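Structure first, commentary second.
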Amino acid sequence: MIFELENYINHEIKMFSENRFFPILKSKKSKYEKIKRIKEVVHYEFDIQIDLYTSESNKTKAKINNEFQCLYNKKKELSSLVFTRKEITAEKSSIFNFEQSIKLAEAEVRW
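Quick note, the numbering used here runs 261 ahead of the 1-based positions in the sequence shown.
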């Protein structure tokens, strides 16, 4: 299937080039005029309207830039915050003291 498609495309390219370029090259005009005519043919045959694609591309670019700017602002906001380190040893000692008071209360109840 792919081989057939490739053969078909090659055949179409060959037919197009023979039909469009061979008469130009066979003419007795100067090389400059031949090249100019070939450029005109190529421009005429392959003039693809890309305005739709470029406008979509610009919209996508604007959307990405907007998202990037939002993320950059959030990063800047987070980096401006001041974080204080909480003393972990004080937490551990208060937990230990609480556990000891529970054990002491249980021991008193048992006594």
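Beta carbons: idealized from backbone N, C-alpha and C, even for Gly. Nothing here was measured: the structure is a model prediction, and the numbers come from that model.
Distance between residue j and residue i (C-alpha atoms, nearest Å)
i	j	result
E306	L266	21 Å
I285	E328	53 Å
E301	K295	10 Å
K322	S316	10 Å
K287	R281	11 Å
F277	I270	10 Å
K275	Y293	24 Å
H272	F283	15 Å
S355	A366	16 Å
N319	L332	20 Å
Proximity test, residue i beta-carbon vs the ligand PLP heavy atom, cut-off 7 Å
i	result
K287	Here there are no bound small molecules, and the ligand PLP is not part of this structure.
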